[in-house]
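These notes are about the structure you will find just below.
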Amino acid sequence: MSKMHSDGRGSSGSKKPLEESKPDWVDYDEEEVTELVLKLRDEGLQPAQIGLRLRDQYGIPSVEQITDRSVTEILEDNDASLDLPEDLQNLLDKAEAIEEHIDDNPEDAQAERRLELTKAKIRRIASFHRENGNIEEDWKY
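Residues are numbered in the numbering used here as their position in the sequence shown, beginning at 1, plus a constant of 1.
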């Protein structure tokens with residue numbers, strides 16, 4: 002959804018591993034991965050950043066392959082979950098940055114348009130999360 006209003010050039014990012022079982026070359030077991038996830042969350046990382054750090058620094062291709070649970074599920078089980086869903090929080094941070102830019106540059110019409118599009122995304126994603134019970138029914142932007 003985040004590419005909806007962009008120029009659509011390319012698709013960056015990594016691909017999921019093809020196999021669903023734990024690779025033989027991974028030396029970590031379920032408890033160790035869970036401890037790593039909780040340690041990285043204590044450092045203030047978001048779930049997506051935790052997955053990247055585990056992949057790049059610890060050689061863990063997928064948390065779900067080893068633990069049969071996602072990073073978010075591990076955090077929820079250990080009472081370390083986020084206040085707002087990660088996608089919604091990222092959009093709120095983006096809107097705040099655009100608003101600060103508009104305060105400094107009041108004649109930037111393109112930034113005002115970007116802010117309108119970002120607010121529309123926030124409303125759509127908030128509606129989705131309200132329906133699924135991820136945020137409160139009376140939450141408003």
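Beta carbons are placed, not taken as given, at the ideal position from N, Cα and C, and that holds for glycine.
- Inter-segment contact for the segment 69-83 and the segment 31-41 is present: three or more beta-carbon pairs are separated by less than 8 Å.
- Note that the segment 117-128 touches the segment 90-101; at least 3 beta-carbon pairs, one per stretch, sit closer than 8 Å.
- For Y59, the enclosing alpha helix (DSSP H) begins and ends at 48-59.
- Inter-segment contact for the segment 98-108 and the segment 78-88 is absent: fewer than three beta-carbon pairs are separated by less than 8 Å.
- By the CB criterion at 9 Å, L46 and R56 fall outside the cutoff.
- Taken atom to atom, the span from the alpha-carbon of S63 to that of G52 is near 7 Å.
- Residue burial annotation: P48 is buried, with at least 16 other C-beta atoms found within 10 angstroms of its C-beta.
- Spanning the alpha carbons of N91 and H130 requires a straight line of approximately 14 Å.
- Spatial neighbours of K23 in its own chain (CB-CB distance under 6 Å, excluding positions within 5 residues in sequence) are listed in chain order as Q66, I67.
- Residue range 31-43 is occupied by the alpha helix (DSSP H) that includes K40.
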